[in-house]
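S.K.:
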Amino acid sequence: MQNYDEVLAEILIESDRLQARIKELGAQISADYAGSELLLICILRGGVPFLVDLSREIKVPHMIDFMAVSSYGVGRRESSRSARLTLDLQTDVRAKDVLLVEDIVDSGHTIASVLQMLETREPKSLKLCALLDKPERREA
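Encoded structure:
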């Protein structure tokens, strides 16, 4: 196992600050979706730790499902502008309040593709909850 202290130049956001923000997000989501049929969708795999922490802080009943997408072509190291679905949801999103949970929004291409895919499935509502945003890298 690698010692992260040896490879990290600096910690950008302290763990306590992240956990406090996750708690705030959970409270806001609980208020916004009280009485709703809420479905949290996580894009595998990077968003799972955030999803787990966030789910614990959401105080209204909710379901969780996962999807996997690939935004990298064969032999490519940089993300393409579209995402290919590699694992689909098990849950029908139609008429449900859907919250897409993502840890980091980078270029925005993958998220834009996934939101577009989900919109065609006719959810009652569709929103994104991201822990971190890199607006300087945004392309979509």
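Numbering (this note's numbering), first residue to last: 170 to 309.
Every residue gets a Cβ at the ideal spot worked out from N, C-alpha and C, and that includes glycine.
Do ALA203 and VAL229 count as a contact pair if the criterion is CB distance below 8 Å?
M.R.: Yes, the pair counts as a contact, with Cβ atoms nearer than the cut-off.
S.K.: Give the C-beta separation of LEU209 and LEU194 to the nearest angstrom, bearing in mind that I take them to be a contact with Cβ-Cβ under 8 Å.
M.R.: That pair is no contact at about 12 Å.
S.K.: Check the DSSP bridge columns for GLY278 and list the partner residues they point to.
M.R.: The question names Gly, yet the displayed sequence has His at residue 278. Paired residues: none, contrary to the question.
S.K.: Using the rule of at least 16 other Cβ atoms within 10 Å of the residue's Cβ for burial, across every protein chain shown, is SER184 buried or exposed?
M.R.: It is exposed - the Cβ of SER184 has fewer than 16 other Cβ atoms within 10 Å.
S.K.: Please report the residue range of the alpha helix (DSSP H) in which ASP185 lies.
M.R.: Here the alpha helix (DSSP H) through ASP185 covers 184-201.
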